[in-house]
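If you read the sequence shown in this note's numbering, its first letter stands for residue 18, the second for the next number, and so on. Contents: one structure, followed by commentary.
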Amino acid sequence: MSEDKREKLKEFYFQIKGCMECELGKTRTNFVFGSGNSGAEIVFIGEAPGRNEDLQGKPFVGQAGKILDELLLSIGFNRSDVFIANVLKCRPPENRDPKLEEINICKKYLLKQIEIIDPKIICTMGKYSTQLILNTDTSITKLRGKVFRVENRMVLPINHPAAVLYTPSRFGILKEDFQRIKTILDNYENPGNISSPCDLAETGATGSFGLEAAANLLSDSNSGISAEKGPVVSTEPDLQKSKNEQLGLF
Ligand code: URA
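This is the structure in structure tokens:
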């Protein structure tokens with residue numbers, strides 16, 4: 018099952034990695050697809066690649082990534098247990114904020130990834146991913162730490178790990194929110210044990226993922242995506258494994 022999802026993700030990666038739909042395509046070093054477990058029960062979504070991510074082609078490999086690793090470890094996880102992606106796949110110059118236009122272009126990629134992975138929980142980190150996934154303009158301060166049900170998934174907005182770099186005291190709040198993630202996962206089949214999921218209407222969120230549009234993407238020849246073919250991948254298990262690891266897909 019997870020192997021099937023990994024192949025689908027890989028195919029999708031090779032399809033979109035040459036994207037030039039917005040100006041960030043001209044300045045990026047690498048297209049940062051996202052990495053982790055293709056069959057993960059939880060997907061973490063950040064904002065956009067920074068300098069290190071752009072250079073290495075993987076999400077959260079800089080200082081914010083170290084904080085994220087520590088938080089994952091605090092609930093017994095490591096990167097190969099979860100999938101990590103961003104709202105934008107390419108680095109905005111000088112790490113400026115993502116533009117609305119860029120988010121609107123790039124969101125179909127994230128939505129398609131979510132559709133393929135089909136996680137139980139989406140953890141949005143910071144303002145941009147939270148507002149995108151909950152389809153709201155309510156501030157992250159009001160949303161963080163609450164649990165939302167969107168379609169058949171739980172969505173948990175938390176602060177962006179990079180916030181700790183500026184305000185170290187935020188680490189404690191993030192740690193508490195990670196404990197909440199663990200509680201949600203452990204009680205997924207008995208949601209009564211989770212302090213009640215919020216009513217989406219309360220936040221102005223419609224909770225629409227727009228997954229249907231994303232569903233057509235792989236076969237949509239008018240999408241403007243350069244359908245770059247992936248390399249011929251060896252069927253030898255060892256080579257196959259190391260190729261997957263190189264791509265950051267487990
Ligand atoms: N911040 C993000 O939002 N994403 C990354 O990949 C790195 C830092």
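All C-beta atoms in this analysis are idealised placements derived from N, C-alpha and C, irrespective of residue type, glycine included.
Practice item. Would you mind sorting Pro-110 into buried or exposed? The rule is 16 or more other CB atoms within 10 Å of its CB. Key: exposed
Check your understanding: Do the region 190-205 and the region 170-178 touch if we need at least three Cβ pairs shorter than 8 Å?
Key -> yes
Review point. Does the ligand URA have even one heavy atom less than 6 Å from the beta-carbon of Phe-165?
Key: Phe-165 Cβ: outside cutoff for every heavy atom of the ligand URA.
Practice item. Go ahead and pull the three-state DSSP assignment for Ile-92. Key: It is coil, neither helix nor strand.
Check your understanding: With C-beta atoms as the reference, is Ser-91 less than 7 Å away from Asn-54?
Key -> no
Point to revise | Rounded straight-line distance, which links the Cα of Glu-40 to that of Phe-267 | key: In this structure, the straight-line span from the alpha carbon of Phe-267 to that of Glu-40 is close to 31 Å.
Check your understanding: Apart from the five residues on each side of it in sequence, which residues of its chain come closer than 7 Å, Cβ to Cβ, to Ser-236?
Key -> Only weak support exists for where Ser-236 lies, its pLDDT of 37 falling under 50; the value from the coordinates is given anyway. Excluding residues within five positions, none has a Cβ falling inside 7 Å.
Practice item. Since I believe Pro-76 is in contact with Asn-103 (beta carbons under 8 Å), could you give me their beta-carbon distance rounded to a whole number of angstroms? Key: 6 Å
Point to revise | Burial state of Thr-153, where buried means 16 or more other Cβ atoms lie within 10 Å | key: buried
Check your understanding: For Val-181, which three-state DSSP category applies?
Key -> helix
Exercise for review: Would you list the residues sitting across from Ser-52 in a DSSP beta bridge?
Suggested key: Ile-101
Practice item. Please report the Cβ distance between Ile-84 and Cys-140, rounded to the nearest whole angstrom; I am assuming they are in contact, meaning their Cβ atoms lie under 8 Å. Key: Actually they do not touch by this definition, with Cβ atoms about 14 Å apart.
Check your understanding: Does the beta-carbon distance from Leu-173 to Val-164 come in below 7 Å?
Key -> Going by C-beta atoms, Leu-173 is nearer than 7 Å to Val-164.
**Study point:** Sequence-distant residues of the same chain with beta carbon closer than 6 Å to Thr-158, five excluded per side
**Key:** none
Exercise for review: Compare the Cα-Cα distances from Glu-119 to each of Glu-262, Lys-25, Cys-36 and Asp-203 and report the closest residue.
Suggested key: Cys-36
**Study point:** Any beta strand (DSSP E) of 3 or more consecutive residues that is wholly inside the region 134-208
**Key:** 138-142, 165-167 and 170-175
Practice item. Return yes when at least one heavy atom of the ligand URA lies under 6 Å from the C-beta of Gly-35, else no. Key: It does not: the Cβ of Gly-35 is nowhere closer than 6 Å to a heavy atom of the ligand URA.
Review point. For the alpha helix (DSSP H) that contains Gly-42, what are its first and last residues?
Key: 41-44
Practice item. State buried or exposed for Gln-130, treating a residue as buried only when at least 16 other CB atoms are found within 10 Å of its CB. Key: buried
Review point. Is the beta carbon of Ala-268 within less than 6 Å of some heavy atom of the ligand URA?
Key: What the structure shows of the chain is the stretch from 18 to 267, and residue 268 is not part of that stretch, so it cannot be assessed.
Exercise for review: Please indicate yes or no: does the CB of Phe-77 lie closer than 6 Å to some heavy atom of the ligand URA?
Suggested key: yes
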